[in-house]
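Asks: Numbering (this note's numbering), first residue to last: 16 to 88. Structure provided below as structure tokens; questions to follow.
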């Protein structure tokens, strides 16, 4: 049994899941980089800005993976 089946009880094609996961991954990395660059003008250390952004993105991406990448639709 694949780990995605264990985590989200997915029955989708693993190739389709991999493509969707890759799309989400690339968008997450782009969003993180763009937001950190944009918010680097704020007088807060960049490391803290990155930690906040990545924490928010973690929860957003988790829900996207659960509802789109590994969904049974």
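Heads up, the beta-carbon is just placed ideally off N, CA and C, and yes, glycines get one too. From a predicted model like this one, the values you see are computed outputs, not experimental measurements.
(1) Could you check if residue 62 is buried or exposed, using at least 16 other CB atoms within 10 Å of its CB as the buried criterion?
(2) How should residue 34 be labelled, buried or exposed, when 16 other C-beta atoms within 10 angstroms of its C-beta is the threshold for buried?
(3) Which residues mark the beginning and the end of the alpha helix (DSSP H) in which residue 84 is found?
(4) For the alpha helix (DSSP H) holding residue 29, just list the boundary residues, first then last.
(5) Alpha carbon to alpha carbon, what distance is there between residue 30 and residue 59?
Replies: Short version:
(1) By the 10 Å Cβ count, residue 62 comes out exposed.
(2) exposed
(3) Neither: residue 84 is in no alpha helix (DSSP H) and is coded neither H nor E.
(4) Start and end: 29-54.
(5) 41 Å
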